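Reading through the structure tokens given below for one structure.
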Amino acid sequence: MYRILAGIFFKECIKTRLCMLVLTLISLTYMAWIWLGVHRLFLLDHPEIVWYRVMDLGQIPYGALAVLPVVCACIFCCCQFLPEMRDERLRISLHLPCGMAQLMLAHFFFGLLFLALLYLLDGLLLTLMLQRHFPQEAVHTAHLTSLPWFLAGFFAYLCTAYAILEPQRRSRLVGVLLGLGLCAPLLLTTAPGALAPALPWFALLLPLLLAGLLLPSMNFRHRRVQ
Amino acid sequence: MRALAFVCLSVLSVLVLSWALPKLYDTALLSPLAKTHIFYSPVLEQCIYTEQIRGYDEQAAAKSEGHHADIVYKDETGRYYDRLAFEAALPFIYYRNMEMRGLLPLKLQGRTFDRAAIEQARRVLELPARHLDGHHPPQPCRPLLEADPGQVALVYPTDRFRVTEQGMIFTHADTNEAETELSRLFSTALAARGFVFPARHVGGNFSTFKPYEGGIFMVDARGALFHLLRRGGQPVINKIVLPEGVVPRHVLVSESRERLWLGFVLDSRNHLWLIRQSDMALIGLDVPGYVPDHMDCKLIFDPLYLTVVTSDNALVQTTVFDLPAAERKNGEICRAFHTFRHEMSRARESWQSRLADTLFPFRLDFVKEETVLLRPAFSLSRHWLLHAMPFCLLLAGGWYFVQYRRQPGGGFSFRQGRAETALILLTGLYGLITLLLLKNEA
Amino acid sequence: MTSQPISIEHLGHSYGGHLVYRDLSLTFEAGRIYGLLGKNGVGKTTLIKILMGFLKPRSGVCRIFGDPAYAIRPQTRERVGLLFERHLAYDFFTISQIERFMARFYPRWKAERFYGLVDVLGLPQNHRIAHMSEGQRSQVVLGLMLAQDPELLILDDYSMGLDAGYRRLFVDYLRENLHDGRHTVVLTSHVIQDMDRFVDEVVFLRRGGEACMTGLADFMERFSCYRLDATFAGTAEKVLREMAMGRQALPGKHLVNVEAHADFYEFFTFHTARDIVEDLAGLGLHLSPEALQESPMNMEDAFVGYTGRC
Numbered sequence: 011m012y013r014i015l016a017g018i019f020f021k022e023c024i025k026t027r028l029c030m031l032v033l034t035l036i037s038l039t040y041m042a043w044i045w046l047g048v049h050r051l052f053l054l055d056h057p058e059i060v061w062y063r064v065m066d067l068g069q070i071p072y073g074a075l076a077v078l079p080v081v082c083a084c085i086f087c088c089c090q091f092l093p094e095m096r097d098e099r100l101r102i103s104l105h106l107p108c109g110m111a112q113l114m115l116a117h118f119f120f121g122l123l124f125l126a127l128l129y130l131l132d133g134l135l136l137t138l139m140l141q142r143h144f145p146q147e148a149v150h151t152a153h154l155t156s157l158p159w160f161l162a163g164f165f166a167y168l169c170t171a172y173a174i175l176e177p178q179r180r181s182r183l184v185g186v187l188l189g190l191g192l193c194a195p196l197l198l199t200t201a202p203g204a205l206a207p208a209l210p211w212f213a214l215l216l217p218l219l220l221a222g223l224l225l226p227s228m229n230f231r232h233r234r235v236q
Numbered sequence: 003m004r005a006l007a008f009v010c011l012s013v014l015s016v017l018v019l020s021w022a023l024p025k026l027y028d029t030a031l032l033s034p035l036a037k038t039h040i041f042y043s044p045v046l047e048q049c050i051y052t053e054q055i056r057g058y059d060e061q062a063a064a065k066s067e068g069h070h071a072d073i074v075y076k077d078e079t080g081r082y083y084d085r086l087a088f089e090a091a092l093p094f095i096y097y098r099n100m101e102m103r104g105l106l107p108l109k110l111q112g113r114t115f116d117r118a119a120i121e122q123a124r125r126v127l128e129l130p131a132r133h134l135d136g137h138h139p140p141q142p143c144r145p146l147l148e149a150d151p152g153q154v155a156l157v158y159p160t161d162r163f164r165v166t167e168q169g170m171i172f173t174h175a176d177t178n179e180a181e182t183e184l185s186r187l188f189s190t191a192l193a194a195r196g197f198v199f200p201a202r203h204v205g206g207n208f209s210t211f212k213p214y215e216g217g218i219f220m221v222d223a224r225g226a227l228f229h230l231l232r233r234g235g236q237p238v239i240n241k242i243v244l245p246e247g248v249v250p251r252h253v254l255v256s257e258s259r260e261r262l263w264l265g266f267v268l269d270s271r272n273h274l275w276l277i278r279q280s281d282m283a284l285i286g287l288d289v290p291g292y293v294p295d296h297m298d299c300k301l302i303f304d305p306l307y308l309t310v311v312t313s314d315n316a317l318v319q320t321t322v323f324d325l326p327a328a329e330r331k332n333g334e335i336c337r338a339f340h341t342f343r344h345e346m347s348r349a350r351e352s353w354q355s356r357l358a359d360t361l362f363p364f365r366l367d368f369v370k371e372e373t374v375l376l377r378p379a380f381s382l383s384r385h386w387l388l389h390a391m392p393f394c395l396l397l398a399g400g401w402y403f404v405q406y407r408r409q410p411g412g413g414f415s416f417r418q419g420r421a422e423t424a425l426i427l428l429t430g431l432y433g434l435i436t437l438l439l440l441k442n443e444a
Numbered sequence: 012m013t014s015q016p017i018s019i020e021h022l023g024h025s026y027g028g029h030l031v032y033r034d035l036s037l038t039f040e041a042g043r044i045y046g047l048l049g050k051n052g053v054g055k056t057t058l059i060k061i062l063m064g065f066l067k068p069r070s071g072v073c074r075i076f077g078d079p080a081y082a083i084r085p086q087t088r089e090r091v092g093l094l095f096e097r098h099l100a101y102d103f104f105t106i107s108q109i110e111r112f113m114a115r116f117y118p119r120w121k122a123e124r125f126y127g128l129v130d131v132l133g134l135p136q137n138h139r140i141a142h143m144s145e146g147q148r149s150q151v152v153l154g155l156m157l158a159q160d161p162e163l164l165i166l167d168d169y170s171m172g173l174d175a176g177y178r179r180l181f182v183d184y185l186r187e188n189l190h191d192g193r194h195t196v197v198l199t200s201h202v203i204q205d206m207d208r209f210v211d212e213v214v215f216l217r218r219g220g221e222a223c224m225t226g227l228a229d230f231m232e233r234f235s236c237y238r239l240d241a242t243f244a245g246t247a248e249k250v251l252r253e254m255a256m257g258r259q260a261l262p263g264k265h266l267v268n269v270e271a272h273a274d275f276y277e278f279f280t281f282h283t284a285r286d287i288v289e290d291l292a293g294l295g296l297h298l299s300p301e302a303l304q305e306s307p308m309n310m311e312d313a314f315v316g317y318t319g320r321c
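Chains as they are written, first to last, in the working numbering: chain E, 11 to 236; chain D, 3 to 444; chain A, 12 to 321.
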């Protein structure tokens, strides 16, 4: 498996390095913009009033972050898999002497790893910007509030991959519907941190989706299902 | 591998559909009805309520004013009212309308009530289940308002506190750093009064939109109840004498101008205790069947009565007390003189709900009225055996027949056919849609 | 290891009602070079896709070294080199990167073969494939395939997009490196005349799923074209034109195909002029064998003669 991972990671790195760089820069810029918004709150009002709004009224000054993971995931997935679909280049990888499941999982692991690192960066920046202004409870709530958004990013990535890999239009719809169905509850406007108890259950669905993604991969490989 | 991937996707698809389809259906056909508003009428001396209904009620329509025919006004005997009669039966609630119509001052039970007297006595305290600890994300960092701000309006403090094992720790908003001296002052004072850190619960009205600061209540690690007031920057601490066996779970504080009741305590045995502001005595209210984790609770004070309204998703109950006399002793329990239970219109069936119970054998939901926290929860159709199951059977049979007809002879796999049929049998529409989407055309 | 490189057993396939193959069975021997020939639409690409494992047939099975082509094991896949149409390659790689990438997966990787081919191009190793011409890319792809050291090579339309020079270079490399009795090659190409420099056996695919496998030399020796001047056709002219257009069945049992031109007719057969004359007599066209002039053919002529122009 190490040989496959190393090989595929090498390929994916070369293929998506520009995309990874651009997404990282976009994330940094976006986080800087969010930081400006948070900072502005303290310029316009007394800190205790900002605390009141954020901690008691449940206002989320970093709310704009909600869409970033999903958008980044979709863009990255397109950059990773659309070139493979051009003239069905994925066939080159699929003919490599290794198991199809391992090969495809290596592709998905690469995407998930990059997104995890990107989200870690976003989370770290969020922590740093909030830690400066807010007590630890508010930072903790921000983590619980933003975790579902990051999780939605992982789902969006896998479901976009599904829609891209699946050769049949009707089945492609499954990827789109699963993406909407899994991301929507995670992106719903709720009280800050309210989704925390549901997160372990959602996280359990990730390996399920990962295993399920082998179906469109096999459909791509054989074009005709059994 | 294909089978495993197919099963994984089917499970996911069924989960997503069991959340999304009922939600879409509800949005289109079964929008939720608000809870019934129920009161005790001092005029009729019985309960009277108003609620939104689904469908058509001839008598309600007859009483409506050409519109809002879906709003019903009834008393506990089932008699219908029009809006004006309903308001007239509740003069302490609709006293402004009464005044407009020239019906104030009002004479009831040999007493006269003008607008000022009603306004003075009227209060509503609400404790929805979702406000209880464990029903919402924890937010242990609270402000402690200065009771003597040196001006008319209350001032929001520049610091907040949390009660940890180390003590009562204040953090200043300007620096976002702990205020060591203030923390030491309050922690020492609390410890000196026997407070055992950390706090199990902190109850207070953390707002400046109130006539004065009544302080906060804290339940310490051993279950003792303390009242804490910040006056002139100094802690004023009062250990509350709890009636025997009472362990406070939640304290609701609501400062009012009449300064009679500061709020109430919910104890670990689901009993309610009013907090008398003058001496911090706890006066019990005997509310049968109240389960705070699943029920919202509302205390309605008027010049004559105290009505406790408790409600879960389907049932609402009113428990009516005479206003507790001032001379009642700490720990005394008031008994209700009138109770009434009513099944709310929202719990009643309609063709929309029956259709939903037929189409969806189960549903996945995250939202529950009694909690802010979202957790996945499955609920079976209320008519699973009679409606949902036959519908699933019909779908499963239809699927098996169509698949068999499409692949006659050797092309039909009985094993696969049985597995697919079982999926539809168990999950109904969700399984059918899943198979329609996932099963590729050959 | 003793299994045939490719064996096709009772293959049946169709696309939405259009029959491509019905009960097609073929065996490809080790060490031979096969050219897969057929007009557009007879299922060459479909067969290649089935052989490559990217299409699962509706019935029957294609085996590659004993494994079903659609479920070929990784260790078997190591022994198979694929060249996809238009010399498909990951064009985001540079020359050295693609070599590094592929080398990880093949234990018998021979980098010198790859660089032997690529160095001819005179490009730096950090040259990106996306910036190469079709011909340059074909060299890279061929280099990658040869570096794998596969026993079986399947080349799908290797000539597409190549000019005459690169085509010749490509074929020469194939011949020099693969015509050693150790490698089995199955290839398709639109440029038929290149094949006679290289191919041992030809497989003719015809509409309706028929296939004929034969040695190229034997085929070229036995397959003949006879010309008949239009002036000899007389009253049979209409019938001959109908036959050439496929609207009427060929007479007798010796003719393979008839083509009609403005001033002559061509008769293709594995038999003699006398046999054709005998067949044409059935149409009421009585000729002497001398009226049919044998016409020399190159491989492309023979292919068109065998499969028909349209």
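Even glycine gets a Cβ: it sits at the ideal position worked out from N, Cα and C.
Predicted model, so just to flag it, every value in this text is computed and none were measured.
Cβ-based neighbour list, residue i, same chain, cut-off 8 Å, excluding 5 preceding and 5 following
i	result
residue 2 of chain D	Because chain D is modelled from 3 through 444, residue 2 of chain D falls outside the range shown and cannot be assessed.
residue 126 of chain D	300, 301, 302 and 303
Chain-order list of residues whose beta-carbon lies under 7 Å from that of residue i (same chain, five-residue window excluded)
i	result
residue 166 of chain E	80, 83, 84, 189 and 193
residue 103 of chain E	113
residue 123 of chain E	none
Beta bridge counterpart(s) of residue i as assigned by DSSP
i	result
residue 266 of chain D	D:254 and D:276
residue 188 of chain A	Residue 188 of chain A is not bridged to any residue.
residue 233 of chain D	D:236
Rounded distance between the beta-carbons of residue j and residue i, thought under 8 Å
i	j	result
residue 138 of chain A	residue 87 of chain A	So it is not a contact: roughly 33 Å between Cβ atoms.
residue 201 of chain A	residue 168 of chain A	6 Å
residue 19 of chain A	residue 35 of chain A	6 Å
residue 307 of chain D	residue 42 of chain D	6 Å
Straight-line gap, residue i to residue j (C-alpha atoms, nearest Å)
i	j	result
residue 16 of chain A	residue 358 of chain D	59 Å
residue 70 of chain E	residue 84 of chain D	44 Å
residue 18 of chain E	residue 145 of chain D	54 Å
residue 249 of chain D	residue 57 of chain E	36 Å
residue 394 of chain D	residue 363 of chain D	8 Å
residue 235 of chain E	residue 177 of chain E	Only weak support is given to the placement of residue 235 of chain E: the predicted model assigns it a pLDDT of 34, under 50, and the question is left unresolved by the model.
residue 148 of chain A	residue 100 of chain A	8 Å
residue 12 of chain A	residue 218 of chain A	Here residue 12 of chain A scores only 47 on pLDDT, less than 50, and its place in the model should not be relied on; the value that follows carries that caveat. Their Cα atoms are separated by approximately 34 Å.
residue 44 of chain E	residue 54 of chain E	15 Å
residue 184 of chain E	residue 62 of chain A	30 Å
residue 444 of chain D	residue 403 of chain D	Since pLDDT at residue 444 of chain D reaches only 40, below the 50 mark, its modelled position is unreliable, and the value read off the structure follows with that caveat. If I take the Cα positions, the gap works out to 18 Å.
residue 18 of chain D	residue 371 of chain D	21 Å
residue 38 of chain E	residue 204 of chain D	39 Å
Chain A residues whose Cβ lies nearer than 9 Å to that of residue i
i	result
residue 20 of chain E	108, 111, 112 and 115
residue 93 of chain E	101, 102 and 103
Per-residue contacts from residue i into chain A (C-beta, under 7 Å)
i	result
residue 106 of chain E	116
residue 24 of chain E	103, 104 and 108
Neighbouring residues, chain E, relative to residue i (Cβ below 7 Å)
i	result
residue 88 of chain A	105 and 107
residue 160 of chain D	58
residue 364 of chain D	By Cβ distance, chain E contributes nothing, its closest Cβ being about 16 Å from residue 364 of chain D, past 7 Å.
residue 81 of chain A	232
Own chain, CB closer than 6 Å to residue i, minus 5 neighbours either side, in chain order
i	result
residue 285 of chain A	300
Residue i: contacting residues in chain D (beta-carbon distance under 7 Å)
i	result
residue 200 of chain E	376
Contact list for residue i against chain D, beta-carbon separation under 8 Å
i	result
residue 144 of chain E	178
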